[in-house]
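Note that the sequence shown covers residues 1 to 610 in UniProt numbering. From the three backbone atoms N, C-alpha and C, an ideal C-beta is built for every residue, glycine too. Structure first, commentary second.
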Amino acid sequence: MVLLQSTEEPLAKATLGISALTDRCRKSRSGSNAQFWIDLLPTGKVQVAVQYFVEDGDQLENKATSVKSIPENGMVTLNRRRGAIKQPKIHDMKGHQYIATFFGTPTFCSVCREFVWGLNKQGYKCKQCNAAIHKRCLEMVIARCTGTATNSRETMFQKERFKLDVPHRFKYYNYKSPTFCDHCGSLLWGLYRQGLKCDECSMNVHSQCQSKVANLCGINQKLMAEALSQISMKAKKPDEPSGPDVGIYQDREDITKPGEGNEVSPAPVPTRQSDLHLTLDHLQLLKVLGKGSFGKVMLAELKGKGQFFAVKVLKKDVVLMDDDVECTLVEKRVLSLAWENPFLTHLYSTFQSKEHLFFVMEYLNGGDLMFHIQDKGRFEVARATFYAAEIIVGLQFLHSKGVIYRDLKLDNIMLDKDGHIKIADFGMCKEKITATEKASTFCGTPDYIAPEILLGQKYSFSVDWWSFGVLVFEMLVGQSPFQGDDEDELFEAIRTDNPDYPRWLNKESKNLLEQLFIREPSKRLGVVGNIREHPFFKVINWTLLEKRQVNPPFKPKVKSPGDCSNFDREFLNEKPRLSFGDKKLIDTMDQNAFKGFSFVNPKLENMISN
Numbered sequence: 001m002v003l004l005q006s007t008e009e010p011l012a013k014a015t016l017g018i019s020a021l022t023d024r025c026r027k028s029r030s031g032s033n034a035q036f037w038i039d040l041l042p043t044g045k046v047q048v049a050v051q052y053f054v055e056d057g058d059q060l061e062n063k064a065t066s067v068k069s070i071p072e073n074g075m076v077t078l079n080r081r082r083g084a085i086k087q088p089k090i091h092d093m094k095g096h097q098y099i100a101t102f103f104g105t106p107t108f109c110s111v112c113r114e115f116v117w118g119l120n121k122q123g124y125k126c127k128q129c130n131a132a133i134h135k136r137c138l139e140m141v142i143a144r145c146t147g148t149a150t151n152s153r154e155t156m157f158q159k160e161r162f163k164l165d166v167p168h169r170f171k172y173y174n175y176k177s178p179t180f181c182d183h184c185g186s187l188l189w190g191l192y193r194q195g196l197k198c199d200e201c202s203m204n205v206h207s208q209c210q211s212k213v214a215n216l217c218g219i220n221q222k223l224m225a226e227a228l229s230q231i232s233m234k235a236k237k238p239d240e241p242s243g244p245d246v247g248i249y250q251d252r253e254d255i256t257k258p259g260e261g262n263e264v265s266p267a268p269v270p271t272r273q274s275d276l277h278l279t280l281d282h283l284q285l286l287k288v289l290g291k292g293s294f295g296k297v298m299l300a301e302l303k304g305k306g307q308f309f310a311v312k313v314l315k316k317d318v319v320l321m322d323d324d325v326e327c328t329l330v331e332k333r334v335l336s337l338a339w340e341n342p343f344l345t346h347l348y349s350t351f352q353s354k355e356h357l358f359f360v361m362e363y364l365n366g367g368d369l370m371f372h373i374q375d376k377g378r379f380e381v382a383r384a385t386f387y388a389a390e391i392i393v394g395l396q397f398l399h400s401k402g403v404i405y406r407d408l409k410l411d412n413i414m415l416d417k418d419g420h421i422k423i424a425d426f427g428m429c430k431e432k433i434t435a436t437e438k439a440s441t442f443c444g445t446p447d448y449i450a451p452e453i454l455l456g457q458k459y460s461f462s463v464d465w466w467s468f469g470v471l472v473f474e475m476l477v478g479q480s481p482f483q484g485d486d487e488d489e490l491f492e493a494i495r496t497d498n499p500d501y502p503r504w505l506n507k508e509s510k511n512l513l514e515q516l517f518i519r520e521p522s523k524r525l526g527v528v529g530n531i532r533e534h535p536f537f538k539v540i541n542w543t544l545l546e547k548r549q550v551n552p553p554f555k556p557k558v559k560s561p562g563d564c565s566n567f568d569r570e571f572l573n574e575k576p577r578l579s580f581g582d583k584k585l586i587d588t589m590d591q592n593a594f595k596g597f598s599f600v601n602p603k604l605e606n607m608i609s610n
């Protein structure tokens, strides 16, 4: 238990044993409640009130209250929207598992001993040992993580080669001025005995950080890393060619193509830049269409033109704190590709303000499939087949461009006014996927996540075909194929259980789903075989479908171009306004991170100029 002065300033802590708490409750007069004082470290006391509940009684209550809400077949209907999750990218370095972290309070780098603080100073923290460092100091780490590699072969090798095994001599110390931990970088809190100080090198650490500090007493990691770097540079052959420096967000066309030696392609000739720059002043925000952890999607009208757009708004500070700058730029690039395919949402413009990023996209007033399936319960086979076929065309186009979608679900499949589908929301996409280059990030919407992602394996396009199977099952049955009371149970079901197929499901539908739910990625339909030739799609004329010349089986009710009746009321009732972050944090933000984000499609230029 940690007592906080604010969300970022801990004052004191205490450790409580569950069995001890249980015993105190049982021995109390009531037999279930207890109040007592506990000592805090480094100083202080706090009064704790604890109530003890009988597990069997809880189970009986849960059964009594939950029976009515469960359908007869025991499966959960689609009565809510499900948000996507994404675990942060892990940077492995010397056994450390560094994750990009926003430090809201003054924090020091454990390598260079300088500040890591503010949105313009990207920092990382190790999941295992909590060591905080700058992004620029990643390559300077020489100590292996004490949380994962204390006795590993590599650690033993390092000790023998460099003799880097000098233990610290820590003793509790009373600090008379504000002092920071040289390991995790945060403030040593308390009135006295705030932390420990090494008698030899004067390193200061929290008591909880002591066991995580590497045995590098008296060694300056930064200077040693620089020395090792110079040694390796001298050892490098003078005639050894080195590749060109390529920026992480540099356009792929600017990078040397494979097979062209080491010649750097000439700088591209700048194209004519349009004088038109779209801003929020050009748009009138009308309604909120959806929202999530990413931000909001709002209906907007181009002032004076009667043209309607869906505008996705992201907060820059959230993007930076979540280390999602690259994902945002990937989303823009994938949306730019969408103009080549009729079943992907089209992007008209991107622009930015000091605090926000804006994606101006076509407005699809037919709503999403989640809205319609909640109204109908489930879709007829003909309707589900039509939607599935158009999704396949869009999905296969993305795969042909080396893009994994990774968030295929009913919520992200939109309908236009005629009833054709369009895949939306490309924030989870991963580019440049090949036979050898695969993804490893844990992400997606829990109900749709493929087993290989849950198992921590590297994966490719196979994960989209698993999600496609879940989506088809939900369209046909109106329920999710895998169930669980919580996320852990759901993930266990995805890894081990087989879906329950209703008796009325025809054999073509069942066979399609069984082949999509094969847990071995290399044997899954879509990865092997031609999914278009499956008997489930025997009624589909793929040539006409790709040209949008097949009449949709359902046409949504749309009264006008700006009609929003096919969207959830809970969103529409909100006021369409932007939310703002901490002004002080925004002022420290490095705006160069979003350089090159803004552009205007020529089609939008024509709309504005006409």
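Would you mind working out which of the options sits nearest residue i, comparing C-alpha positions?
{"i": "Asp568", "options": "Phe371, Arg495, Ala12", "result": "Phe371"}
{"i": "Cys126", "options": "Cys184, Ile608, Val166", "result": "Cys184"}
{"i": "Thr588", "options": "Val477, Ser19, Val116", "result": "Val116"}
{"i": "Phe580", "options": "Leu278, Glu487, Tyr98, Lys315", "result": "Lys315"}
{"i": "Asn506", "options": "Phe536, Arg524, Arg495", "result": "Phe536"}
{"i": "Phe108", "options": "Tyr98, Ile99, Tyr124", "result": "Tyr124"}
{"i": "Glu605", "options": "Gly484, Tyr98, Leu278", "result": "Leu278"}
{"i": "Ser560", "options": "Ala20, Cys145, Gly306", "result": "Gly306"}
{"i": "Thr345", "options": "His356, Leu415, Val403", "result": "Leu415"}
{"i": "Asp447", "options": "Lys417, Arg81, Gly17", "result": "Arg81"}
{"i": "Arg495", "options": "Leu454, Val463, Glu514", "result": "Leu454"}
{"i": "His282", "options": "Gly444, Leu289, Leu525, Thr350", "result": "Thr350"}
{"i": "Asp39", "options": "Ser460, Asp407, Ala14, Ala84", "result": "Ala14"}
{"i": "Phe379", "options": "Asn204, Gly394, Asp418, Gly478", "result": "Gly478"}
{"i": "Cys137", "options": "Cys145, Arg113, Asn130", "result": "Arg113"}
{"i": "Ala493", "options": "Ile449, Tyr405, Gln35, Leu337", "result": "Ile449"}
Apart from the five residues just before and just after residue i, which ones in its own chain have a Cβ nearer than 7 Å to its Cβ?
{"i": "Pro481", "result": "Val470, Phe473, Pro499"}
{"i": "Cys327", "result": "Gly427"}
{"i": "Gly44", "result": "Ala12"}
{"i": "Gln210", "result": "Phe170, Leu196"}
{"i": "Leu21", "result": "Val50"}
Which same chain residues, not among the five before or five after residue i, have their C-beta less than 6 Å away from its C-beta?
{"i": "Val141", "result": "Met93, Lys94"}
{"i": "Asp411", "result": "Arg81, Asp368, Met370"}
{"i": "Leu476", "result": "Ala384, Ser509"}
{"i": "Tyr501", "result": "Lys510"}
{"i": "Tyr172", "result": "Arg193, Leu196"}
Got a sec? Which residues, its chain only, sit under 8 Å from residue i by beta carbon, not counting five neighbours each side?
{"i": "Asn33", "result": "Cys25, Ala49, Val50, Gln51, Tyr52"}
For the alpha helix (DSSP H) containing residue i, name the first residue and the last one.
{"i": "Asp317", "result": "316-321"}
{"i": "Met370", "result": "369-376"}
{"i": "Met475", "result": "462-477"}
{"i": "Asp587", "result": "583-587"}
{"i": "Asp23", "result": "18-27"}
{"i": "Gln396", "result": "381-400"}
Taking the beta strand (DSSP E) that residue i belongs to, which residues open and close that run?
{"i": "Met93", "result": "90-93"}
{"i": "Ala34", "result": "33-39"}
{"i": "His96", "result": "96-101"}
{"i": "Gly44", "result": "Taken as a continuous stretch (DSSP letters only), Gly44 belongs to no beta strand (DSSP E), as it is neither H nor E."}
What do you get for residue i, buried or exposed, if any count of 16 or more other CB atoms within 10 angstroms of its CB means buried?
{"i": "Gln549", "result": "exposed"}
{"i": "Ser110", "result": "buried"}
{"i": "Ser353", "result": "exposed"}
{"i": "Asn341", "result": "buried"}
{"i": "Pro451", "result": "buried"}
{"i": "Leu544", "result": "exposed"}
{"i": "Val2", "result": "exposed"}
{"i": "Lys430", "result": "buried"}
{"i": "Ser400", "result": "exposed"}
{"i": "Lys197", "result": "buried"}
{"i": "Gln47", "result": "exposed"}
{"i": "Pro178", "result": "exposed"}
{"i": "Leu16", "result": "exposed"}
{"i": "Glu362", "result": "buried"}
{"i": "Asn365", "result": "buried"}
{"i": "Gly444", "result": "buried"}
{"i": "Gln515", "result": "buried"}
Please tell me whether residue i has its Cβ less than 8 Å away from any Cβ of chain E.
{"i": "Leu21", "result": "Among the chains in the structure shown there is no chain E, since it carries only a single protein chain."}
Would you list the one or two residues that DSSP bridges to residue i?
{"i": "Glu514", "result": "The partner list for Glu514 (beta bridge, DSSP) is empty, contrary to what the question assumes."}
{"i": "Val50", "result": "Ala34"}
{"i": "Val539", "result": "DSSP lists no partner for Val539."}
{"i": "Glu362", "result": "Phe309"}
{"i": "Val13", "result": "As written in the sequence, residue 13 is Lys, which differs from the Val given in the question. Paired residues: Val2, Leu41."}
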